[in-house]
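Asks:
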Amino acid sequence: MKKPTKRPATILVHQGQDRDPATGAATVPIYQASTYHHPGGVGQEFDYARSGNPSRQQVEDAIALLEGGVQGFAYASGMAAIGGALSLLQSGDHLIAPDDLYGGTYRYLTMILPQQGIEVSLVDQSNLTAVSSSIRPNTRALLLETPSNPLFKICDIRALVEIARTQRLLTLIDNTFMTPLLQRPLELGVDVVIHSATKFLGGHSDLLAGLATTGDPELAKRLKRFQNSLGPVLGPFDCFLLSRGIKTLKLRLEEGQNNAAELARRLERHPAVKRVIFPGLESFDQKQLHFTQAAGAGAVLSFELEDDSRVKPLLETVELPIIAPSLGGVETILTHCWSMSHAAIPADTKRKMGIGPGLLRISAGIEDLEDLWGDLERGLNAL
Ligand SMILES: Cc1ncc(COP(=O)(O)O)c(C=O)c1O
Numbered sequence: 000m001k002k003p004t005k006r007p008a009t010i011l012v013h014q015g016q017d018r019d020p021a022t023g024a025a026t027v028p029i030y031q032a033s034t035y036h037h038p039g040g041v042g043q044e045f046d047y048a049r050s051g052n053p054s055r056q057q058v059e060d061a062i063a064l065l066e067g068g069v070q071g072f073a074y075a076s077g078m079a080a081i082g083g084a085l086s087l088l089q090s091g092d093h094l095i096a097p098d099d100l101y102g103g104t105y106r107y108l109t110m111i112l113p114q115q116g117i118e119v120s121l122v123d124q125s126n127l128t129a130v131s132s133s134i135r136p137n138t139r140a141l142l143l144e145t146p147s148n149p150l151f152k153i154c155d156i157r158a159l160v161e162i163a164r165t166q167r168l169l170t171l172i173d174n175t176f177m178t179p180l181l182q183r184p185l186e187l188g189v190d191v192v193i194h195s196a197t198k199f200l201g202g203h204s205d206l207l208a209g210l211a212t213t214g215d216p217e218l219a220k221r222l223k224r225f226q227n228s229l230g231p232v233l234g235p236f237d238c239f240l241l242s243r244g245i246k247t248l249k250l251r252l253e254e255g256q257n258n259a260a261e262l263a264r265r266l267e268r269h270p271a272v273k274r275v276i277f278p279g280l281e282s283f284d285q286k287q288l289h290f291t292q293a294a295g296a297g298a299v300l301s302f303e304l305e306d307d308s309r310v311k312p313l314l315e316t317v318e319l320p321i322i323a324p325s326l327g328g329v330e331t332i333l334t335h336c337w338s339m340s341h342a343a344i345p346a347d348t349k350r351k352m353g354i355g356p357g358l359l360r361i362s363a364g365i366e367d368l369e370d371l372w373g374d375l376e377r378g379l380n381a382l
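Heads up: the sequence shown begins at 0 in numbering that gives the first Met the number 0, then just goes up one per residue.
#1: Which same chain residues end up closer than 6 Å to LEU326 when comparing Cβ atoms and leaving out the 5 residues on each side of it in sequence?
#2: How many Å lie between GLY373 and GLY201 at the Cα?
#3: So within the stretch 252-325, which uninterrupted alpha helix (DSSP H) runs reach at least 4 residues, ignoring any that extend past its ends?
#4: Within 8 Å, do at least three Cβ pairs link the stretch 279-288 to the stretch 151-158?
#5: Taking the C-alpha atoms as reference points, what is the distance between GLN57 and HIS335?
#6: Using DSSP bridges, identify the partner residues of GLY82.
#7: Return the chain-ordered list of same chain residues with a C-beta closer than 6 Å to the C-beta of GLY188, the five sequence neighbours on each side being excluded.
#8: Ordered along the chain, which non-local residues of its own chain (more than five positions away) have a Cβ less than 8 Å from that of LYS1?
#9: Since VAL191 sits in a beta bridge, which residues does DSSP pair it with?
#10: Starting from the Cα of ALA73, find the closest Cα among GLY255, GLN89, PHE176 and THR213 and give me that residue.
#11: Can you look up PHE225 in the DSSP assignment and give me helix, strand or coil?
#12: Residues in its own chain within less than 6 Å of LEU112 by CB, not counting five upstream and five downstream?
#13: With DSSP collapsed to three states, give me the class of LYS1.
#14: Just to confirm, does ILE81 get its C-beta within under 7 Å of one of the non-hydrogen atoms of ligand 1?
#15: For LEU368, which option in ASP284, LYS349, PRO324 and LEU266 has the closest C-alpha, if you only look at C-alpha atoms?
#16: The alpha helix (DSSP H) spanning GLY378 covers which residue range?
#17: Please report the residue range of the beta strand (DSSP E) in which VAL122 lies.
#18: Please confirm whether GLY255 and ARG49 have their CB atoms less than 8 Å apart.
#19: Assuming LEU218 and LEU371 are in contact, meaning their beta carbons sit under 8 Å apart, how far apart are those beta carbons, in whole angstroms?
#20: Any heavy atom of ligand 1 closer than 7 Å to the beta-carbon of LEU207?
#21: Would the beta-carbon of SER301 be found less than 7 Å away from any heavy atom of ligand 1?
#22: Please state whether the Cβ-Cβ distance between LEU358 and GLU303 is less than 8 Å.
#23: Does DSSP put ARG164 in a helix, in a strand, or in coil?
#24: Starting from ARG243, follow the alpha helix (DSSP H) in both directions and report where the run begins and ends.
#25: Flag MET78 as yes when its Cβ comes closer than 7 Å to any non-hydrogen atom of ligand 1, and as no otherwise.
#26: Give the DSSP-derived three-state secondary structure of VAL232 in the structure shown.
#27: Given a threshold of 16 other Cβ atoms within 10 Å of its Cβ, counted over all protein chains shown, does ALA79 qualify as buried or as exposed?
#28: Check whether the Cβ atoms of GLY77 and GLY209 lie closer than 8 Å to each other.
#29: Closer than 8 Å is the cut-off here; do at least three beta carbon pairs connect the stretch 101-109 with the stretch 336-353?
#30: Please confirm whether any heavy atom of ligand 1 lies closer than 7 Å to the CB of PHE176.
Encoded structure:
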């Protein structure tokens, strides 16, 4: 893998390999092959596609270069990347994870890990004392998600890494919301960074993908062993789409972030809106902490309506956003967290977490801001 001698915007475009070494073609081709010829019976760099292929190498190198890791891993989905990273734990271990996190991760932690004999505590990680007092003799790792989804709780990455180091715990982080352009956790001491590349890295709502990387060669070996043994890898065509999406991340993210900031300000002034949660707002209580570890607010915000009964008319009125459980696309995506992204979490638990039926999440796309606001305002005014 090449050393990251270039700045992020350049790495995004050129990645690990910016042309096909075999032909000079301007993009790395889709190597649609399951196996590779062994000349004279001798295996070469690529021998079988579960272990690796040049299309996958392209995105695996890209995430390692972008995050500053020693090796990258591409998976069939963000959840497969999370499962891959959690393969670093074993039966009898205990994991501390955030109490406000993506619904699919919640399902994996509460339904799958216990079957594997791994205990999980869901803790408010913005409270360092709560994290420290949840550590048990068998605790092996902290899983972080900051900002959390969908309530944007910020945890102090540096302080949690410090706690983890003194207790010899691994730190894993889901960096999907921020992308490596806004937050680079390996530089803050985190061991493994995970992305749902389905979101901003892919950027076009046309593929499902996961990425992970680490700065530790020993952990990289273990991640590779699991990825190669189980095989939840990203297929060659999806690697091509992901590589193409990554090239324009900076432009898309900057535009989406500007749109999100302005939508957040306008939503805050609208009488139908009870509260807006967005790290870029002056009213965001953890703004200072967020900006000590991230270079931007991101392009996603949440807002809660004064009156839950206005959710339905709003969803029936808006025309521009896709109404769906996802984020990070070029198009604006509006999510009703209660019934979509966090449907996997029982109603009582959601309420305890602070996710009510009136909570909505917007992933701002790159459309014209006035068109977006006009559409949203019509939805907010609908009864
Ligand atoms: C923060 C976060 N992490 C992980 C995932 C899971 O990713 P995927 O849907 O690609 O499996 C999601 C999906 O919405 C997410 O929002």
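Note that the Cβ used here is the ideal one computed from N, Cα and C, for glycine as well.
Bear in mind that the values here come from a model prediction, so they are computed numbers and not experimental data.
Replies: Per the coordinate set shown:
#1: Excluding sequence neighbours, LEU326 sits near LYS198, VAL299, ILE332 and SER362.
#2: The straight-line gap separating the alpha-carbon atoms of GLY373 and GLY201 is approximately 28 Å.
#3: Runs found: 286-292 and 310-316.
#4: By the C-beta criterion, the stretch 151-158 is judged to be in contact with the stretch 279-288, since at least 3 inter-stretch pairs fall below 8 Å.
#5: Cα to Cα, the separation comes out at about 35 Å.
#6: GLY82 pairs with nothing; no bridge assigned.
#7: Close CB contacts of GLY188 within its chain, under the 6 Å cut and outside five residues either way in sequence, are with VAL160 (chain order).
#8: At LYS1 the pLDDT is 45, less than 50, meaning the model places this residue with poor confidence; the figure from the coordinates comes in the next sentence. Contacts found: GLY15, ASP60 and LEU64.
#9: DSSP output for VAL191 lists LEU171 and THR213 as bridge partner(s).
#10: Checking every option, the nearest Cα to that of ALA73 belongs to THR213.
#11: In the structure shown, PHE225 sits in a helix (DSSP, three-state: H, G or I).
#12: In chain order, VAL119 place their CB closer than 6 Å to the CB of LEU112, counting only its own chain and leaving out the 5 sequence neighbours on each side.
#13: Low local confidence applies: a pLDDT of 45 at LYS1 is under 50, so the model's placement there is unreliable, with the coordinate-based value given in what follows. Of the three classes helix, strand and coil, the one that applies to LYS1 here is coil, per DSSP.
#14: It does: the Cβ of ILE81 is within 7 Å (strictly closer) of some heavy atom of ligand 1.
#15: Here the closest residue by C-alpha is LEU266.
#16: Run containing GLY378: 368-380, per the alpha helix (DSSP H) assignment.
#17: Following the DSSP letters along the chain, one finds VAL122 inside the beta strand (DSSP E) bounded by residues 118-122.
#18: Contact flag unset, no.
#19: Taking C-beta atoms under 8 Å as the contact rule, LEU218 and LEU371 fail to qualify, at a distance of about 41 Å.
#20: The answer is yes for LEU207.
#21: Incorrect: SER301 has no Cβ contact closer than 7 Å to ligand 1.
#22: Here LEU358 is near GLU303, since their CB atoms are less than 8 Å apart.
#23: The answer is helix: DSSP assigns ARG164 an H, G or I state.
#24: That run of the alpha helix (DSSP H) goes 235-246.
#25: Remark: the shortest separation between the CB of MET78 and any heavy atom of ligand 1 falls under 7 Å.
#26: Correct three-state label for VAL232: strand.
#27: Per the 10 Å Cβ criterion, buried.
#28: Against a cut-off of 8 Å, the Cβ pair of GLY209 and GLY77 comes out as a contact.
#29: Yes, since at least three Cβ pairs between the stretch 101-109 and the stretch 336-353 fall closer than 8 Å, the two stretches touch.
#30: For PHE176, the shortest C-beta to heavy atom distance toward ligand 1 is below 7 Å.
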